[in-house]
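*Asks:*
Protein chains: 2
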Amino acid sequence: MDDDAGALPEKHQFSEWYNDILWRAEIMDVRYPVKGIYVWYPYGFALRKHVYQHLRDLLDRDHQEALFPLLIPEQEFMKEAEHIKGFENEVYWVTHGGTTPLEVRLALRPTSETAIYPMYALWVRSHADLPLKIYQIVNTFRHETKQTRPMIRAREITSFMDSHTVHATWDEAESQVESEIALTREFYESLCIPIIISKRPDWDKFPGADYTIAVDTIMPNGKTLQIGTVHHLGTHFSKTFSINYEDAKGEQQLANQTCYGISERCIAALIGVHGDNKGLILPPAVATIQIVIVPIMIGKRHEDVLASAQKLEEELKSAGFRTRMDAREMRPGAKYYWWELRGVPLRRELGPRDIDVGKVMAVTRLGEKVPLDRAGIADGVNRVLAESKGRRAYEEQPVPGKFN
Amino acid sequence: MDDDAGALPEKHQFSEWYNDILWRAEIMDVRYPVKGIYVWYPYGFALRKHVYQHLRDLLDRDHQEALFPLLIPEQEFMKEAEHIKGFENEVYWVTHGGTTPLEVRLALRPTSETAIYPMYALWVRSHADLPLKIYQIVNTFRHETKQTRPMIRAREITSFMDSHTVHATWDEAESQVESEIALTREFYESLCIPIIISKRPDWDKFPGADYTIAVDTIMPNGKTLQIGTVHHLGTHFSKTFSINYEDAKGEQQLANQTCYGISERCIAALIGVHGDNKGLILPPAVATIQIVIVPIMIGKRHEDVLASAQKLEEELKSAGFRTRMDAREMRPGAKYYWWELRGVPLRRELGPRDIDVGKVMAVTRLGEKVPLDRAGIADGVNRVLAESKGRRAYEEQPVPGKFN
Numbered sequence: 001m002d003d004d005a006g007a008l009p010e011k012h013q014f015s016e017w018y019n020d021i022l023w024r025a026e027i028m029d030v031r032y033p034v035k036g037i038y039v040w041y042p043y044g045f046a047l048r049k050h051v052y053q054h055l056r057d058l059l060d061r062d063h064q065e066a067l068f069p070l071l072i073p074e075q076e077f078m079k080e081a082e083h084i085k086g087f088e089n090e091v092y093w094v095t096h097g098g099t100t101p102l103e104v105r106l107a108l109r110p111t112s113e114t115a116i117y118p119m120y121a122l123w124v125r126s127h128a129d130l131p132l133k134i135y136q137i138v139n140t141f142r143h144e145t146k147q148t149r150p151m152i153r154a155r156e157i158t159s160f161m162d163s164h165t166v167h168a169t170w171d172e173a174e175s176q177v178e179s180e181i182a183l184t185r186e187f188y189e190s191l192c193i194p195i196i197i198s199k200r201p202d203w204d205k206f207p208g209a210d211y212t213i214a215v216d217t218i219m220p221n222g223k224t225l226q227i228g229t230v231h232h233l234g235t236h237f238s239k240t241f242s243i244n245y246e247d248a249k250g251e252q253q254l255a256n257q258t259c260y261g262i263s264e265r266c267i268a269a270l271i272g273v274h275g276d277n278k279g280l281i282l283p284p285a286v287a288t289i290q291i292v293i294v295p296i297m298i299g300k301r302h303e304d305v306l307a308s309a310q311k312l313e314e315e316l317k318s319a320g321f322r323t324r325m326d327a328r329e330m331r332p333g334a335k336y337y338w339w340e341l342r343g344v345p346l347r348r349e350l351g352p353r354d355i356d357v358g359k360v361m362a363v364t365r366l367g368e369k370v371p372l373d374r375a376g377i378a379d380g381v382n383r384v385l386a387e388s389k390g391r392r393a394y395e396e397q398p399v400p401g402k403f404n
Numbered sequence: 001m002d003d004d005a006g007a008l009p010e011k012h013q014f015s016e017w018y019n020d021i022l023w024r025a026e027i028m029d030v031r032y033p034v035k036g037i038y039v040w041y042p043y044g045f046a047l048r049k050h051v052y053q054h055l056r057d058l059l060d061r062d063h064q065e066a067l068f069p070l071l072i073p074e075q076e077f078m079k080e081a082e083h084i085k086g087f088e089n090e091v092y093w094v095t096h097g098g099t100t101p102l103e104v105r106l107a108l109r110p111t112s113e114t115a116i117y118p119m120y121a122l123w124v125r126s127h128a129d130l131p132l133k134i135y136q137i138v139n140t141f142r143h144e145t146k147q148t149r150p151m152i153r154a155r156e157i158t159s160f161m162d163s164h165t166v167h168a169t170w171d172e173a174e175s176q177v178e179s180e181i182a183l184t185r186e187f188y189e190s191l192c193i194p195i196i197i198s199k200r201p202d203w204d205k206f207p208g209a210d211y212t213i214a215v216d217t218i219m220p221n222g223k224t225l226q227i228g229t230v231h232h233l234g235t236h237f238s239k240t241f242s243i244n245y246e247d248a249k250g251e252q253q254l255a256n257q258t259c260y261g262i263s264e265r266c267i268a269a270l271i272g273v274h275g276d277n278k279g280l281i282l283p284p285a286v287a288t289i290q291i292v293i294v295p296i297m298i299g300k301r302h303e304d305v306l307a308s309a310q311k312l313e314e315e316l317k318s319a320g321f322r323t324r325m326d327a328r329e330m331r332p333g334a335k336y337y338w339w340e341l342r343g344v345p346l347r348r349e350l351g352p353r354d355i356d357v358g359k360v361m362a363v364t365r366l367g368e369k370v371p372l373d374r375a376g377i378a379d380g381v382n383r384v385l386a387e388s389k390g391r392r393a394y395e396e397q398p399v400p401g402k403f404n
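One line per chain: the protein sequences are U and Y, in this order.
In terms of the working numbering, the first sequence has 262 at position 262, counting the first letter as 1, and numbering is strictly consecutive.
In terms of the working numbering, the second sequence has 143 at position 143, counting the first letter as 1, and numbering is strictly consecutive.
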């Protein structure tokens with residue numbers, strides 16, 4: 001970070017604030033030499049990792065993770081007419097291998113239906129294979145011609161969770177749609193992001209779906225941001241890709257399908273909904289660093305304080321908290337500013353006097369100060385994080401759609 | 001799996017055995033409609049996940065994970081002459097977005113130097129920024145014209161760990177090369193894969209390196225398989241990409257660099273080195289399923305046995321073991337065959353008599369039978385896994401390079 005960069009814009013200038021916080025907090029670097037393509041800094045990458053790990057944990061209850069190819073041959077991609085129409089203007093095409101033109105052009109997946117469903121046609125044979133519930137988390141590509149923004153509208157979507165299920169009947173697929181919506185609600189509730197769930201009008205549904213349910217949040221600039229979609233595909237793709245199963249009577253039936261996606265826009269929402277004029281505010285469950293320890297090293301008790309801070313760091317790390325002890329040669333105030341900008345949920349200040357009285361001051365990212373006993377510190381930290389003002393504010397807010 | 005598929009080829013017919021085990025054990029599906037591009041089944045994906053998690057754990061000790069773009073603009077890719085020469089015949093080129101030709105062609109990364117180093121030129125300013133040690137795990141692409149094989153020679157390498165470090169001096173970069181080799185040795189030792197480490201002759205070094213150290217293993221067909229490389233890049237790329245730092249005296253210096261890669265060939269090696277005529281043999285640390293419980297449900301104690309098996313499953317899961325209870329309507333022998341094929345390290349058989357005497361029979365994948373007390377079962381399991389014949393055989397083997 002460049003220290004001469006001046007102050008963070010205020011959050012009511014949301015567009016400037018968002019662009020600025022991404023590089024100041026080292027989330028993404030926008031200076032990669034291709035429009036709409038960005039680089040995850042380590043600090044941002046770790047946030048992304050924890051958010052997607054949380055999503056994986058929810059999905060792994062009854063889905064399996066797999067991995068399908070990025071490159072889709074033109075003939076598969078072109079099989080489903082409505083689907084092509086929805087994507088044809090934004091597909092990147094690979095046409096050459098070395099200096100040789102390819103016999104068949106290859107699409108970079110803008111979405112994975114046409115990569116996955118030829119395999120599902122091979123994998124699904126009988127009703128005993130159903131339901132099939134598989135997801136992947138992958139990079140996808142869209143040649144966006146509109147204005148691009150990191151995580152919100154990008155040409156490489158680096159992290160797209162893409163779930164595809166297969167069912168015997170239309171009604172079973174509909175139940176699955178409901179269960180994916182419930183999962184999405186749980187995911188965003190745990191990130192304290194209020195959502196609005198709505199069935200999309202026909203003109204706005206996914207190309208090839210019977211119907212589409214969209215999940216939106218409202219960003220600080222008042223605009224909605226679509227942060228999840230669930231589609232009932234009916235037998236639309238199973239007809240095209242011959243995904244059939246033998247039912248209990250030995251007859252061939254067309255399968256019913258759903259698909260469901262959450263892109264890295266979930267992280268854009270996390271940043272946008274929670275931040276303030278000081279910087280990021282990260283929910284403890286997904287924060288890159290959950291606790292920062294700032295030793296107040298004054299005068300001759302310098303080494304005493306440093307040793308105590310190191311001991312505290314070890315103890316919190318063993319208790320499972322992502323902890324960083326900041327012993328840099330900087331004023332404590334500058335360190336507070338640094339870690340507030342980066343959204344660390346809890347700061348522990350530790351000076352000579354705290355050591356003497358067996359206390360540690362805990363300061364939440366929202367400014368609540370709680371002196372905690374040094375003994376049994378892990379329990380105290382858990383309590384402060386669970387009861388913090390941010391969580392309470394979320395639970396009390398009257399946002400439409402939150403519990404609908 | 002198709003039950004009519006006949007027997008697994010014997011392992012001395014290695015090529016047939018390898019191809020067969022991949023689909024029988026549901027590791028990868030080779031039927032994707034593009035040559036050299038494959039699909040990870042959920043069972044294989046989980047194995048891949050555990051192997052790469054293990055690699056991440058080792059790297060995270062002193063590297064940071066980040067994520068750089070897949071698409072590299074032609075002018076960056078073409079900057080370094082030797083490097084281009086090494087890759088020009090196998091690079092996939094994106095030439096169109098929708099129906100519109102792109103102004104600048106985009107390469108799918110065959111390797112990431114030219115995506116990462118323009119960013120490093122921005123990130124590295126002063127000696128205080130060094131050393132910089134960053135890795136990513138990404139998909140990379142090579143238009144292979146030779147015969148392709150899953151995980152060994154593929155057009156989409158779905159999981160390439162790619163580490164790139166920057167140092168002040170050539171000697172510091174050399175120390176880093178040594179430390180990457182030590183890390184590679186630790187990684188493969190923990191997977192019980194013997195390795196041979198060698199400095200490559202000049203004609204075989206990485207395009208743009210001062211020198212290359214290769215890590216090979218010997219596959220059952222007697223051929224070496226390169227399963228890791230570490231390159232000292234000197235100032236070769238820092239010159240081209242202007243990666244400079246200000247030293248302590250305030251003078252600009254060229255940085256020295258290393259890069260280091262481990263692809264999904266590590267999983268090919270894991271499968272090839274350890275399997276036998278019955279199927280996969282997976283080291284417990286990375287096995288998709290570590291313990292399978294087979295209830296022997298005979299006669300009227302059917303429900304009693306099932307309840308005990310479920311209780312055992314819960315207990316082993318809470319102790320942290322990846323456990324599956326197999327209550328399918330199949331003969332126990334067919335289940336043994338099924339899970340042996342899939343390489344599960346430990347099978348627990350549980351019948352009425354075992355319940356009566358408070359024992360559970362544990363059978364390792366290598367056929368060792370150990371009756372364990374039902375009480376304190378987790379400790380017993382840990383002991384059996386740690387002491388199993390496979391681990392002992394690895395530790396006793398006189399393979400060159402193993403501890404060199």
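Every residue gets a Cβ at the ideal spot worked out from N, C-alpha and C, and that includes glycine.
Residues in the same chain with beta-carbon distance under 7 Å from Leu58 (chain Y), minus the five sequence neighbours each way, listed in chain order, please.
*Replies:* Position 58 of the second sequence, counted from the start, is the residue given in the question as residue 58 (chain Y). Hits under 7 Å: Leu183, Glu186, Phe187.
*Asks:* If you count every other CB in all the chains shown that lies within 10 Å of the CB of Lys205 (chain U), and 16 or more means buried, which is it?
*Replies:* By one-based count along the first sequence, residue 205 (chain U) stands at place 205. Lys205 (chain U) comes out buried.
*Asks:* Between Gln64 (chain U) and Pro101 (chain U), what straight-line distance do the alpha-carbon atoms span, to the nearest angstrom?
*Replies:* Along the first sequence, one-based indexing puts residue 64 (chain U) at 64. Along the first sequence, one-based indexing puts residue 101 (chain U) at 101. Distance between the alpha carbons of Gln64 (chain U) and Pro101 (chain U) is about 37 Å.
*Asks:* Just the chain Y side, please: which residues come within less than 8 Å of Gln53 (chain U) by C-beta, in chain order?
*Replies:* In the first sequence, the residue the question calls residue 53 (chain U) occupies position 53. Residues of chain Y passing the Cβ test: none, with the nearest at roughly 11 Å.
*Asks:* Spell out whether any CB of chain U is found under 8 Å from the CB atom of Gly86 (chain Y).
*Replies:* For the purposes of this step, residue 86 (chain Y) is taken as the residue at position 86 of the second sequence. No, its Cβ sits nowhere closer than 8 Å to a Cβ of chain U.
*Asks:* What are the residues of the stretch 89–113 of chain U that lie near chain Y, defined by any Cβ-Cβ distance shorter than 9 Å?
*Replies:* Answer set for the stretch 89–113 of chain U: Asn89, Glu90, Val91, Tyr92, Trp93, Val94, Thr95, His96, Gly97, Gly98, Thr99, Thr100, Leu102, Val104, Arg105, Leu106, Leu108.
*Asks:* At a Cβ cut of 7 Å, what residues of the stretch 119–137 of chain U count as close to chain Y, listed as they run along the chain?
*Replies:* Against chain Y - using a Cβ distance shorter than 7 Å - the residues of the stretch 119–137 of chain U are Met119, Leu122, Ile134.
*Asks:* In this structure, how does DSSP classify Tyr405 (chain Y) when only helix, strand and coil are distinguished?
*Replies:* This structure cannot settle anything about residue 405 (chain Y), because the visible part of chain Y is limited to 1 through 404.
*Asks:* Name the chain U residues whose beta carbon is nearer than 7 Å to that of Glu414 (chain Y)?
*Replies:* Lying outside 1 to 404, the shown extent of chain Y, residue 414 (chain Y) is not represented and no answer is given.
*Asks:* Using the DSSP secondary-structure output, state which residues sit across from Val357 (chain Y) in a beta bridge.
*Replies:* For the purposes of this step, residue 357 (chain Y) is identified with residue 357 of the second sequence, where counting begins at 1. According to DSSP, Val357 (chain Y) bridges with nothing at all.
*Asks:* In chain order, which alpha helix (DSSP H) runs of at least 4 residues are fully inside the stretch 9–87 of chain Y?
*Replies:* Those alpha helix (DSSP H) runs which fall completely within the stretch 9–87 of chain Y and span 4+ residues are 14–24, 42–59, 74–77, 81–87.
*Asks:* From the beta carbon of Phe241 (chain U), is the nearest beta carbon of chain Y less than 8 Å away?
*Replies:* Here residue 241 (chain U) refers to the residue found at position 241 when the first sequence is read from its first residue. Answer no: the Cβ-Cβ gap between Phe241 (chain U) and chain Y never drops below 8 Å.
*Asks:* Under a three-way DSSP split, which group does Arg105 (chain U) fall into?
*Replies:* As a first step, residue 105 (chain U) must be located in the first sequence, where it is residue number 105. Residue state, collapsed to three classes: strand.
*Asks:* For a test of the three-state rule: what should DSSP assign to Gln176 (chain Y), helix, strand or coil?
*Replies:* In the second sequence, counting from the first residue as 1, residue 176 (chain Y) sits at position 176. It is helical.
*Asks:* How many angstroms separate the CA atom of Val294 (chain U) from the CA atom of Leu8 (chain U)?
*Replies:* Counted from its first residue, the first sequence places residue 294 (chain U) at position 294. Counted from its first residue, the first sequence places residue 8 (chain U) at position 8. About 23 Å.
*Asks:* Go ahead and pull the three-state DSSP assignment for Phe321 (chain U).
*Replies:* The residue labelled residue 321 (chain U) in the question sits at position 321 within the first sequence. Phe321 (chain U) falls in the coil class under three-state DSSP.
*Asks:* For a contact defined as C-beta to C-beta under 8 Å, what are the partners of His167 (chain Y) on chain U?
*Replies:* Indexing the second sequence from 1 puts residue 167 (chain Y) at position 167. Simply none; closest approach about 18 Å.
*Asks:* For His232 (chain Y) and Ile195 (chain Y), what's the separation of their Cα atoms in angstroms?
*Replies:* Position 232 of the second sequence, counted from the first residue, corresponds to residue 232 (chain Y). Position 195 of the second sequence, counted from the first residue, corresponds to residue 195 (chain Y). One C-alpha to the other measures close to 20 Å.
*Asks:* Grouping DSSP H, G and I as helix and E and B as strand, with all else coil, what is Pro400 (chain U)?
*Replies:* Your numbering for residue 400 (chain U) matches position 400 in the first sequence. For Pro400 (chain U), the pLDDT reaches just 40, beneath the cut-off of 50, and the residue's location in the model is therefore unreliable, leaving the point undetermined.
*Asks:* Who are the near neighbours of Lys146 (chain U) in its chain, counting only those whose CB is closer than 7 Å to its CB and skipping five residues on each side?
*Replies:* Counting from one through the first sequence, the residue named residue 146 (chain U) turns up at place 146. Within the same chain, Lys146 (chain U) has close Cβ partners Arg153.
*Asks:* In whole angstroms, what is the alpha-carbon distance linking Ile116 (chain Y) and Leu71 (chain Y)?
*Replies:* Walking along the second sequence from the start, residue 116 (chain Y) turns up at place 116. Walking along the second sequence from the start, residue 71 (chain Y) turns up at place 71. Each residue's Cα considered, the two are about 11 Å apart.
*Asks:* Taking the alpha-carbon positions, what's the Pro283 (chain Y) to Ile296 (chain Y) distance?
*Replies:* As a first step, residue 283 (chain Y) is located in the second sequence; it is residue number 283 there, counting from the start. As a first step, residue 296 (chain Y) is located in the second sequence; it is residue number 296 there, counting from the start. Going from the Cα of Pro283 (chain Y) to the Cα of Ile296 (chain Y) covers about 26 Å.
*Asks:* Three or more C-beta pairs closer than 8 Å, one from the stretch 83–94 of chain Y and one from the stretch 89–98 of chain U: is that the case here?
*Replies:* The answer is yes - the stretch 89–98 of chain U touches the stretch 83–94 of chain Y, with three or more Cβ pairs under 8 Å.
*Asks:* Return helix, strand or coil for Ala214 (chain Y), following the three-state DSSP convention.
*Replies:* As a working mapping, residue 214 (chain Y) is identified with position 214 in the second sequence. Correct three-state label for Ala214 (chain Y): strand.
*Asks:* By Cβ distance below 6 Å, which residues in the same chain neighbour Asp2 (chain U) in space, the five residues on each side in sequence not counted?
*Replies:* Position 2 of the first sequence, counted from the start, is the residue given in the question as residue 2 (chain U). Caution is warranted here: a pLDDT of 48 is assigned to Asp2 (chain U), below 50, making its placement in the model unreliable, and no coordinate value can be reported.
*Asks:* CA-CA distance, Arg412 (chain U) and Leu385 (chain U)?
*Replies:* The requested residue 412 (chain U) is not part of the displayed model; chain U covers only 1 to 404.
*Asks:* Can you tell me which residues form a DSSP beta bridge with Met161 (chain U)?
*Replies:* Here residue 161 (chain U) is taken as the residue at index 161 of the first sequence, counted from 1. Answer is U:Ile137, U:Ile262.
*Asks:* Buried or exposed: where does Gly376 (chain Y) fall if 16 or more other Cβ atoms within 10 Å of its Cβ makes it buried?
*Replies:* Stepping through the second sequence from its first residue, residue 376 (chain Y) is reached at position 376. When all chains shown are included, Gly376 (chain Y) counts as exposed.
*Asks:* If we call anything under 8 Å between Cβ atoms a contact, is Leu191 (chain Y) one with Leu270 (chain Y)?
*Replies:* Against the second sequence, residue 191 (chain Y) aligns to sequence position 191. Against the second sequence, residue 270 (chain Y) aligns to sequence position 270. Closer than 8 Å, so yes.
*Asks:* Excluding five sequence neighbours on each side, which residues of the same chain lie with their C-beta closer than 7 Å to the C-beta of Gly6 (chain U)?
*Replies:* Within the first sequence, residue 6 (chain U) is the residue found at index 6, counting from 1. Excluding positions up to five away in sequence, the list is empty.
*Asks:* Give me the Cα-Cα distance between Leu316 (chain U) and Asp304 (chain U), rounded to the nearest whole angstrom.
*Replies:* Translated into positions along the first sequence, residue 316 (chain U) becomes position 316. Translated into positions along the first sequence, residue 304 (chain U) becomes position 304. Their Cα atoms are separated by approximately 19 Å.
*Asks:* If you follow the alpha helix (DSSP H) that Trp339 (chain U) is part of, which residue opens it and which one closes it?
*Replies:* Position 339 of the first sequence, counting from 1, holds the residue named residue 339 (chain U). Taken as a continuous stretch (DSSP letters only), the alpha helix (DSSP H) holding Trp339 (chain U) covers 332–341.
*Asks:* Identify which residue in Y:Val30, Y:Lys85, Y:Val104, Y:Ile137 has its Cα closest to the Cα of Pro73 (chain Y).
*Replies:* The residue you call residue 73 (chain Y) lines up with position 73 of the second sequence. Comparing Cα-Cα distances from Pro73 (chain Y) to each of Y:Val30, Y:Lys85, Y:Val104, Y:Ile137, the minimum goes to Y:Val104.
*Asks:* Along the chain, where does the beta strand (DSSP E) that runs through His143 (chain Y) open and close?
*Replies:* Along the second sequence, one-based indexing puts residue 143 (chain Y) at 143. That residue, His143 (chain Y), is in no beta strand (DSSP E); it is neither H nor E in DSSP.
*Asks:* Who are the near neighbours of Ser198 (chain Y) in its chain, counting only those whose CB is closer than 6 Å to its CB and skipping five residues on each side?
*Replies:* One-based indexing of the second sequence puts residue 198 (chain Y) at position 198. Ala214, listed in sequence order.
*Asks:* Whole angstroms are fine: how far does the CA of Ser318 (chain U) sit from the CA of Pro400 (chain U)?
*Replies:* Position 400 of the first sequence, counted from the first residue, corresponds to residue 400 (chain U). Position 318 of the first sequence, counted from the first residue, corresponds to residue 318 (chain U). Because Pro400 (chain U) sits at a pLDDT of 40, beneath the cut-off of 50, its placement in the model cannot be relied upon, and the following sentence gives the value as read from the coordinates. Taking the straight line from one Cα to the other gives about 40 Å.
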